[in-house]
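Asker: Dropping the structure in here first, questions after.
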Amino acid sequence: MSLRFLDLARPSRQHYLGYLLLLPAVALVALIIIYPLFVSLDLSFQKVGMATLSAPRKPFTLQNYEKLFTSPEFWTACWVTIKLVVVVTVACFAVGLATALLVNNRFRGRSLARLFVALPWAVPEVIAVVIFSWIFDSSFGLMNWLLIKLGLTSGMINWFSDPTAAFWVVAVTMIWKGYPFVSIMTLAGLQSIPDDFYNAAKVDGANAFQRFRYITVPVLMPVLGVTLVLVVLWVFRDFSIIKVLTDGGPLKSTTTLSIMTYDQAFGFFNMGYASAIGIVTLILCVVVSLLMLGRKSQAMY
Numbered sequence: 369m370s371l372r373f374l375d376l377a378r379p380s381r382q383h384y385l386g387y388l389l390l391l392p393a394v395a396l397v398a399l400i401i402i403y404p405l406f407v408s409l410d411l412s413f414q415k416v417g418m419a420t421l422s423a424p425r426k427p428f429t430l431q432n433y434e435k436l437f438t439s440p441e442f443w444t445a446c447w448v449t450i451k452l453v454v455v456v457t458v459a460c461f462a463v464g465l466a467t468a469l470l471v472n473n474r475f476r477g478r479s480l481a482r483l484f485v486a487l488p489w490a491v492p493e494v495i496a497v498v499i500f501s502w503i504f505d506s507s508f509g510l511m512n513w514l515l516i517k518l519g520l521t522s523g524m525i526n527w528f529s530d531p532t533a534a535f536w537v538v539a540v541t542m543i544w545k546g547y548p549f550v551s552i553m554t555l556a557g558l559q560s561i562p563d564d565f566y567n568a569a570k571v572d573g574a575n576a577f578q579r580f581r582y583i584t585v586p587v588l589m590p591v592l593g594v595t596l597v598l599v600v601l602w603v604f605r606d607f608s609i610i611k612v613l614t615d616g617g618p619l620k621s622t623t624t625l626s627i628m629t630y631d632q633a634f635g636f637f638n639m640g641y642a643s644a645i646g647i648v649t650l651i652l653c654v655v656v657s658l659l660m661l662g663r664k665s666q667a668m669y
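Okay, so the sequence shown: first residue is 369 according to my numbering, each after it adds one.
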């Protein structure tokens, strides 16, 4: 073994400097993410409320998890979360893919069209909630006015009092807020496909659908897989849209796991029980992410 190889294998001062420069970021991640995670895990095994938060520690107990898995409210929140994830994700991908394919074409005003596609993503969630609360207002909302003008309804619909209507108001708001992310990610993938691929396919006699199926879709699969994971996790954990728009109501029809966690922690001050909900939600997010990433890897190879 040569001395030159030994010198290359030995860590240099630049390597140590790099590790040293990373330490503040690692410490910040540990302080903001890892430490609260372990605190939540510890609290989930304790009967902790606001009155007993500073009391001496008791032996670990599984009562929070037993109460959680036998609670109808928890399973209702799971079902609402799953429905919202499926509806919003499918709609975001449908609208996002369509708009990305549209603005990827060359036409006059394409830059302005791309700006309008990305605009909802730049709007803060609270502002989006205010906009849609006006649109679906039961007294002077634009949606009721439009439905009456089209003859689809004869009177005002109270969107926030009916459980089914409230769920769809939340879903529409999240779709409007989330589809630009899918569109931007898809457009970035489309821009990376060389024109030579399509030109060669045209020479071979492939029509537009065949070019989309055999060129566009396979090349976009890695981008779409990562985008799918990110959108699902965003819908799974989103809190502000539901909290400000419906506060989980009416009749728990929009109470997701994130809303249930907040209500138990800061509404009923059941810190231990809320921590158990948070840990279960985290585990579900990790499992769903791993399953989708695993299927994405299989699809690629």
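Note that CB positions come from ideal geometry on N, CA and C, so glycine has one too.
Quick one: residues in its chain with C-beta nearer than 7 Å to the C-beta of K435, no 5 flanking neighbours on either side, listed in chain order?
Answerer: Counted from its first residue, the sequence shown places residue 435 at position 67. For K435, where only same-chain residues beyond five positions count, the Cβ hits under 7 Å are Y641.
Asker: Given 8 Å as the limit, is there contact between the region 499-509 and the region 589-601, that is, 3 or more CB pairs closer than that?
Answerer: no
Asker: Excluding the 5 residues flanking A633 on each side, which residues of the same chain have their C-beta closer than 7 Å to its C-beta?
Answerer: If you number the sequence shown from 1, residue 633 lands on position 265. Excluding sequence neighbours, A633 sits near M639 and A642.
Asker: As an exercise, report each continuous alpha helix (DSSP H) stretch of at least 4 residues that is fully enclosed by the region 601-641, in chain order.
Answerer: 608-613 and 625-630
Asker: Can you tell me the Cβ-Cβ gap for V456 and G519, rounded? I've got them flagged as a contact below 8 Å.
Answerer: Working through the sequence shown from its first residue, we reach residue 456 at position 88. Working through the sequence shown from its first residue, we reach residue 519 at position 151. With a contact defined as Cβ atoms closer than 8 Å, V456 and G519 miss out at about 29 Å.
Asker: Are the region 466-482 and the region 554-573 in contact at 8 Å, needing three or more beta carbon pairs?
Answerer: The region 466-482 is in contact with the region 554-573.
Asker: Kindly list the residues whose CB is nearer than 8 Å to the CB of A569, restricted to its own chain and excluding five residues on each side of it in sequence; keep chain order.
Answerer: On the sequence shown, residue 569 is found 201 positions in, with the first residue counted as 1. The answer, listed in chain order, is Q578, R579, Y582 and I583.
Asker: Report buried or exposed for A576, applying the criterion of at least 16 other Cβ atoms within 10 angstroms of its Cβ.
Answerer: Here residue 576 is taken as the residue at index 208 of the sequence shown, counted from 1. When all chains shown are included, A576 counts as exposed.
Asker: Can you tell which of S626, V603, I525 and L487 has its C-alpha closest to the C-alpha of I503?
Answerer: The residue you call residue 503 lines up with position 135 of the sequence shown. Cα-wise, what sits closest to I503 is I525.
Asker: Mapping the DSSP letters down to three states, classify F373 as helix, strand or coil.
Answerer: One-based indexing of the sequence shown puts residue 373 at position 5. Any answer about F373 is weak, because its pLDDT of 46 lies below 50 and its placement is not dependable; what the coordinates show is given next. In the structure shown, F373 sits in a helix (DSSP, three-state: H, G or I).
Asker: Specify the secondary structure class of P492 as computed by DSSP and reduced to three states.
Answerer: Locating residue 492 in the sequence shown gives position 124, where the first residue counts as 1. The answer is coil: DSSP assigns P492 none of H, G, I, E or B.
Asker: Considering only their Cβ atoms, is the gap separating L613 from V748 smaller than 9 Å?
Answerer: This structure cannot settle anything about residue 748, because the visible part of the chain is limited to 369 through 669.
Asker: Does the Cβ of Q414 have 16 or more other Cβ atoms within 10 Å, making it buried, or fewer, making it exposed?
Answerer: Sequence index remark: in the sequence shown, residue 414 carries index 46 (1-based). Buried.
Asker: According to the neighbour-count rule (16 or more other Cβ atoms, all chains shown, within 10 Å of its Cβ), is D631 buried or exposed?
Answerer: For the purposes of this step, residue 631 is taken as the residue at position 263 of the sequence shown. With 16 or more other Cβ atoms within 10 Å, it is buried.
Asker: Go ahead and label V600 buried or exposed: buried means 16 or more other beta carbons lie within 10 angstroms of its beta carbon, across all protein chains shown.
Answerer: In the sequence shown, the residue the question calls residue 600 occupies position 232. Classification of V600: buried, given that the 10 Å Cβ count is 16 or more.
Asker: Hey, I645 and L625 are a contact pair by Cβ (cut 8 Å); roughly how many whole angstroms apart?
Answerer: As a first step, residue 645 must be located in the sequence shown, where it is residue number 277. As a first step, residue 625 must be located in the sequence shown, where it is residue number 257. About 6 Å separates the two Cβ atoms, so the contact holds.
Asker: Please name the residue in T532, F508 and V454 whose C-alpha comes closest to that of W602.
Answerer: In the sequence shown, counting from the first residue as 1, residue 602 sits at position 234. Among T532, F508 and V454, the Cα nearest to that of W602 belongs to V454.
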